[in-house]
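J.: For the sequence shown, the numbering used here begins at 1 and goes up steadily by one.
Idealized CB from N, CA, C, for every residue including glycine.
One structure coming up, written as structure tokens, with questions to follow.
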Amino acid sequence: MTSTGWSWTIPEPQDRIDYIFYRSPLLFPIQSYTYQGHATVYPKPFHWKNDYPSDHFAVITTFHLM
Numbered sequence: 001m002t003s004t005g006w007s008w009t010i011p012e013p014q015d016r017i018d019y020i021f022y023r024s025p026l027l028f029p030i031q032s033y034t035y036q037g038h039a040t041v042y043p044k045p046f047h048w049k050n051d052y053p054s055d056h057f058a059v060i061t062t063f064h065l066m
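Structure, rendered in structure tokens:
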């Protein structure tokens, strides 16, 4: 492989999110939110300085187990 292929640049803010997939008759989502860190959010190419150094927000979900 000589290159990673074609890609594109997403404009700031880098706010893509990840997903939570679940399937259970005993599992119920109670609360869900995105997390990008608590400090100043630095844009690309300095996102490595963030306390959550990614261009994807994390999805945090609390479930109730029956």
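Quick check: Pro29 and Phe57, are their CB atoms within less than 9 Å of each other?
T.: By one-based count along the sequence shown, residue 29 stands at place 29. By one-based count along the sequence shown, residue 57 stands at place 57. Against a cut-off of 9 Å, the Cβ pair of Phe57 and Pro29 comes out as no contact.
J.: Sorted by chain position, which residues of the same chain lie with C-beta nearer than 7 Å to Asp51's C-beta, five sequence neighbours on each side aside?
T.: Here residue 51 is taken as the residue at index 51 of the sequence shown, counted from 1. Excluding sequence neighbours, Asp51 sits near Gly37, His38, Ala39.
J.: Give the DSSP bridge partners of Ser32, in chain order.
T.: For the purposes of this step, residue 32 is taken as the residue at position 32 of the sequence shown. The partner list for Ser32 (beta bridge, DSSP) reads Thr61.
J.: By how many angstroms is the C-alpha of Ser32 removed from the C-alpha of Ser24?
T.: One-based indexing of the sequence shown puts residue 24 at position 24. One-based indexing of the sequence shown puts residue 32 at position 32. Rounded to whole angstroms, Ser24 to Ser32 spans 17 Å at the Cα level.
J.: Measure the alpha-carbon distance for His35 versus Leu65 and round it to whole angstroms.
T.: The sequence position of residue 35 within the sequence shown is 35, counting from 1. The sequence position of residue 65 within the sequence shown is 65, counting from 1. Per the sequence shown, the amino acid found at residue 35 is Tyr instead of His. The alpha-carbon atoms of Tyr35 and Leu65 are separated by roughly 23 Å.
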